[in-house]
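Q: Okay, here's the structure, questions in a sec.
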Amino acid sequence: MTIWGIIILVAIVIAGYRYYQNKKDMNVERICTQCGSIGKHIKKTKGSFWIELVLWIAFIIPGLIYSIWRTTSKQPICPRCGHSTMIPIDSPMGQKLAKEQNYKKAKSSK
Numbered sequence: 000m001t002i003w004g005i006i007i008l009v010a011i012v013i014a015g016y017r018y019y020q021n022k023k024d025m026n027v028e029r030i031c032t033q034c035g036s037i038g039k040h041i042k043k044t045k046g047s048f049w050i051e052l053v054l055w056i057a058f059i060i061p062g063l064i065y066s067i068w069r070t071t072s073k074q075p076i077c078p079r080c081g082h083s084t085m086i087p088i089d090s091p092m093g094q095k096l097a098k099e100q101n102y103k104k105a106k107s108s109k
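In numbering that gives the first Met the number 0, the protein residues as written are 0 to 109.
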């Protein structure tokens, strides 16, 4: 297998992983610990796409490492306040915050 074949294979694996993670994580309802907003979150990826592109073009191994870091460092961001403090609403802390907000769908944590 040539180096370009390996690069294409790695890119396909990374794209598949990103797609799977986004699908799985977007179905979780969250609550923001800063502003109390309840609902879906948005994802924010650390780093820069342009730096990633330059590293892939110029240096294959650093580009791969940077891409992996960016893929694994995504955070759920509150769409209202922009903080990265959104937690799943079905977690114990999420239940407590939802109860404080009088959120009707909150399950009782026993």
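Glycine included, C-beta positions come from ideal geometry on N, C-alpha and C.
Considering Cα atoms alone, identify which of D89, P91 and S83 is closest to C34.
A: S83
Q: When you compare only the Cα positions, how much space is there between T32 and C80?
A: 10 Å
Q: Given this structure, state the Cα-to-Cα distance separating A97 from S72, to the nearest angstrom.
A: Approximately 27 Å between the Cα atoms of the pair.
Q: Could you say which of G46, F58 and G62 lies nearest to R69 if we only look at CA atoms?
A: G46
Q: Buried or exposed: P75, going by 16 or more other Cβ atoms within 10 Å of its Cβ?
A: Under this definition P75 is a buried residue.
Q: Skipping 5 residues on each side, what residues in its chain have a beta carbon closer than 6 Å to that of G93?
A: I30, I86 and P87
Q: What first and last residue would you give for the alpha helix (DSSP H) that runs through P91?
A: P91 to E99
Q: Return the chain-ordered list of same chain residues with a C-beta closer than 6 Å to the C-beta of S108, the five sequence neighbours on each side being excluded.
A: Interpretation of S108 is limited by its pLDDT of 45, a score under 50 that renders its predicted location unreliable; the figure taken from the coordinates is listed afterwards. Taken in chain order, the residues that qualify are P91 and Q94.
Q: Residues in its own chain within less than 8 Å of P61 by CB, not counting five upstream and five downstream?
A: L54
Q: Sort out for me which residues DSSP pairs S31 with in a bridge.
A: Just to set this straight, residue 31 is Cys in the shown sequence, not Ser. Partner(s): M85.
Q: In the DSSP output, what is P78 paired with across the bridge?
A: Partner(s): none; P78 has no beta bridge.
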